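Enquirer: In our numbering, the protein residues as written are 3 to 316. Take a look at this one; I'll ask things after.
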Ligand SMILES: Nc1nc2c(ncn2[C@@H]2O[C@H](COP(=O)(O)OP(=O)(O)OP(=O)(O)O)[C@@H](O)[C@H]2O)c(=O)[nH]1
Ligand SMILES: [Mg+2]
């Protein structure tokens with residue numbers, strides 16, 4: 003009985019101790035909480051948001067790195083384990099993954115806009131309008147690609163950082179067209195310039211050039227957006243952009259029929275155009291195709307600048 007009473011007291015003592023400890027702990031936690039709250043209150047909001055941003059970014063970056071490492075190790079192990087029976091095929095897979103990753107990175111970072119189209123359509127005048135805000139009178143047929151990286155003239159007065167654009171003007175002369183292949187893999191966007199005045203006599207030639215561009219693997223696979231730019235609209239005799247779009251669609255449709263017949267014989271375009279069995283229309287293309295109007299001579303180039311800034315963010 004005596005013993006029982008003693009053990010009971012000890013238990014009560016311990017319970018009392020635990021309660022006291024718990025109370026102390028609560029008070030300490032409360033103090034800590036108050037101090038932390040005061041500390042946070044004393045930090046200016048901009049600094050606080052910045053710090054939160056850095057923490058979130060670090061966690062995000064860490065997770066992405068872990069994920070990429072897991073995928074990479076998986077791919078390597080997988081390709082090694084299969085190397086005995088089908089080593090070549092898996093090495094090719096690994097190579098393709100790396101090439102795709104590099105391409106994706108390149109595309110994201112690309113600030114190249116390629117100006118193309120028949121000779122005399124006004125590419126070089128547009129190039130100078132974009133760069134200098136003037137048409138540089140007395141321009142002659144270009145014999146070399148014209149390229150430069152600059153902040154658009156219309157944006158030079160803008161405050162803050164503006165991303166420079168790499169503009170390439172590839173001459174329309176048929177001998178120089180292969181040069182286009184050097185620049186297309188870098189392109190964030192293609193501008194196909196059409197002379198809206200002398201359009202009808204050149205519709206066939208323009209369509210042939212456009213057909214070649216729209217069936218190139220470097221364009222279709224990367225879905226490079228293309229702007230059909232109807233230039234020289236300052237002239238009253240200029241055709242409307244809707245008329246030009248429809249005529250080009252009709253002509254491309256005819257070309258497709260003849261080229262498909264040819265390609266089964268020998269020369270094959272890398273990709274086919276449009277949807278088989280349906281009349282060709284630009285909206286069938288995998289890459290986005292839009293139509294706009296400009297006048298390089300008068301400097302009315304806002305629709306071209308809009309396209310550039312859509313794909314090369316400022
Ligand atoms: N009316 C009018 N004429 C223009 C316009 N843009 C260009 N031109 C004229 O069209 C002609 C050809 O212009 P370019 O800029 O040299 O043409 P391009 O496309 O560079 O030609 P290539 O270098 O041969 O491929 C020049 O005489 C220009 O003055 C325009 O908007 N309106
Ligand atoms: Mg030129």
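Note that CB positions come from ideal geometry on N, CA and C, so glycine has one too. Fair warning: this is a prediction, and the values are worked out from it, not measured in the lab.
According to the neighbour-count rule (16 or more other Cβ atoms, all chains shown, within 10 Å of its Cβ), is residue 35 buried or exposed?
Expert: The residue is exposed, with fewer than 16 neighbouring Cβ atoms inside 10 Å.
Enquirer: By alpha-carbon positions, which one of 139, 161, 193 ends up nearest to residue 301?
Expert: When only C-alpha atoms are compared, the closest one is 139.
Enquirer: In whole angstroms, what is the alpha-carbon distance linking residue 112 and residue 315?
Expert: When rounded, the distance between both Cα atoms is 10 angstroms.
Enquirer: Quick one: residues in its chain with C-beta nearer than 8 angstroms to the C-beta of residue 166, no 5 flanking neighbours on either side, listed in chain order?
Expert: If we look at residue 166 and ignore the five residues flanking it on each side, its Cβ neighbours are 113, 151, 152, 153.
Enquirer: Count the other CB atoms, across all protein chains shown, that sit within 10 Å of the CB of residue 310; report buried if there are 16 or more and exposed otherwise.
Expert: Buried.
Enquirer: Hey, quick one: how far does the beta strand (DSSP E) through residue 292 stretch, first residue to last?
Expert: 291-295 is the span of the beta strand (DSSP E), which, as asked, contains residue 292.
Enquirer: For residue 4 and residue 21, I'd like the C-alpha separation in whole angstroms.
Expert: For residue 4, the predicted structure reports a pLDDT of 46, less than 50, and the residue's modelled location is therefore unreliable. The matter cannot be settled from this model.
Enquirer: Is the Cβ-Cβ distance between residue 295 and residue 235 less than 8 angstroms?
Expert: Going by C-beta atoms, residue 295 is nearer than 8 angstroms to residue 235.
Enquirer: Answer yes or no: the CB of residue 126 versus the heavy atoms of ligand 2, is any distance below 7 angstroms?
Expert: At least one heavy atom of ligand 2 is nearer than 7 angstroms to the Cβ of residue 126, so yes.
Enquirer: Measure the alpha-carbon distance for residue 117 versus residue 256 and round it to whole angstroms.
Expert: Each residue's Cα considered, the two are about 25 angstroms apart.
Enquirer: Return the bridge partner residues of residue 302 from the DSSP annotation.
Expert: Per DSSP, 297.
Enquirer: Within 7 angstroms: the Cβ of residue 175 and any heavy atom of ligand 1?
Expert: Yes - ligand 1 has a heavy atom lying nearer than 7 angstroms to the Cβ of residue 175.
Enquirer: Buried or exposed: where does residue 258 fall if 16 or more other Cβ atoms within 10 Å of its Cβ makes it buried?
Expert: The residue in question, residue 258, is buried, as its Cβ has 16 or more Cβ neighbours within 10 Å.
Enquirer: When the Cα atoms are used, what is the spatial distance from residue 181 to residue 58?
Expert: Those two C-alpha atoms are separated by around 45 angstroms.
Enquirer: Provide the residue(s) that pair with residue 168 in DSSP beta bridges, ordered along the chain.
Expert: Answer is 114, 151.
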